[in-house]
Amino acid sequence: MTKQFHGHTLSDDALDQIFNEARTYNGWLNKPVSEDQLRHIYDLMKMGPTSANMQPARLVFVTSEEGKTKLSELASEGNQDKITAAPVTAIIGYDIDFHEELPWLFPHADAKSWFEGDEEARKANAKRNSALQGAYMIIAARALGLDCGPMSGVDLDGITEHFFADQPRVKADWVCSIGYGDPDTIFDRSPRPEFGKFTSFA
1 MTKQFHGHTL SDDALDQIFN EARTYNGWLN KPVSEDQLRH IYDLMKMGPT
51 SANMQPARLV FVTSEEGKTK LSELASEGNQ DKITAAPVTA IIGYDIDFHE
101 ELPWLFPHAD AKSWFEGDEE ARKANAKRNS ALQGAYMIIA ARALGLDCGP
151 MSGVDLDGIT EHFFADQPRV KADWVCSIGY GDPDTIFDRS PRPEFGKFTS
201 FA
């Protein structure tokens, strides 16, 4: 029997941990992140909604010194130390041929046929939904007591070529370090818009 969970508001402490007090970190404490923690993050992020449950994100968790060195070489100068100092940096990529997995991911309909023969539509859907999954990853990591440092200042073609060499239909999109943030490496929080600045009703 399927359990039914009715919404309730998280505690203020939980909301602060995930959103209000969470920050993007530029440096990291010398504390490890375990494989079990990364698996827990993934098991939470995969539960976030994607179109037709397409799950197009493909992740590489870079934890080895060799991997960090290579990834840092493919990053802008300002991001290199952030990568080498972090216990792990996740590469978020997207699979252009995600539709091949839809028969088992979305068995309710012939969803694979919706995307066959239209690579541009697949790219658009893969990028949008993998970005969502990356956001779920950040929320999951924060919920588990970790900090994140998302970055886009990287050589995506170089990362794709090196880290997704065995998956030729996967393209890197952005990276995100995960660990225990060093509070001395953050700036004052940038402004956030009030409700109504970029919102409206229709």
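In terms of UniProt numbering, the sequence shown opens at residue 1 and continues consecutively.
Idealized CB from N, CA, C, for every residue including glycine.
Computed from a predicted model, the values in this text were never measured in an experiment.
Would you identify the three-state DSSP class for residue i, choosing helix, strand or coil?
i, result
"M137", "helix"
"L14", "In the sequence on display, residue 14 carries Ala and not Leu. If DSSP states are grouped into helix, strand and coil, A14 belongs with the helices."
Can you tell which of the options has the C-alpha that lies nearest to the C-alpha of residue i?
i, options, result
"G181", "G7, Q4, E21, D13", "E21"
"N125", "Y94, I41, A109", "Y94"
"Q167", "K46, M137, R58, F106", "R58"
"G78", "H99, N26, F187, S177", "N26"
"M54", "T185, A141, G149, K127", "K127"
"I96", "A143, F201, T160", "T160"
"L29", "K171, I41, A86, D13", "A86"
"A135", "F115, K123, E100, S177", "S177"
Just list the residues that DSSP pairs residue i with in beta bridges.
i, result
"T185", "None; T185 has no bridge partner."
"T24", "C148"
For residue i and residue j, I'd like the C-alpha separation in whole angstroms.
i, j, result
"F19", "T199", "19 Å"
"F98", "W174", "18 Å"
"S51", "N129", "7 Å"
"A131", "G153", "16 Å"
"residue 213", "E120", "Outside the modelled stretch of the chain, which goes from 1 to 202, sits residue 213, for which no answer is possible."
"A165", "D157", "11 Å"
"residue 208", "A90", "Residue 208 lies beyond the range of the chain shown here (1 to 202); nothing can be said about it."
"A109", "A75", "41 Å"
"A143", "Q37", "11 Å"
Can residue i be considered in contact with the ligand ATP, in the sense that its beta carbon sits closer than 8 Å to one or more heavy atoms?
i, result
"M137", "As presented, the structure is devoid of all ligands, the ligand ATP included, so that no description of it is given."
request  = Enumerate, from N- to C-terminal direction, the unbroken beta strand (DSSP E) stretches of 3 or more residues contained entirely within the UniProt domain "Nitroreductase" (29-180).
outcome  = 57-62, 88-95, 147-151, 170-179
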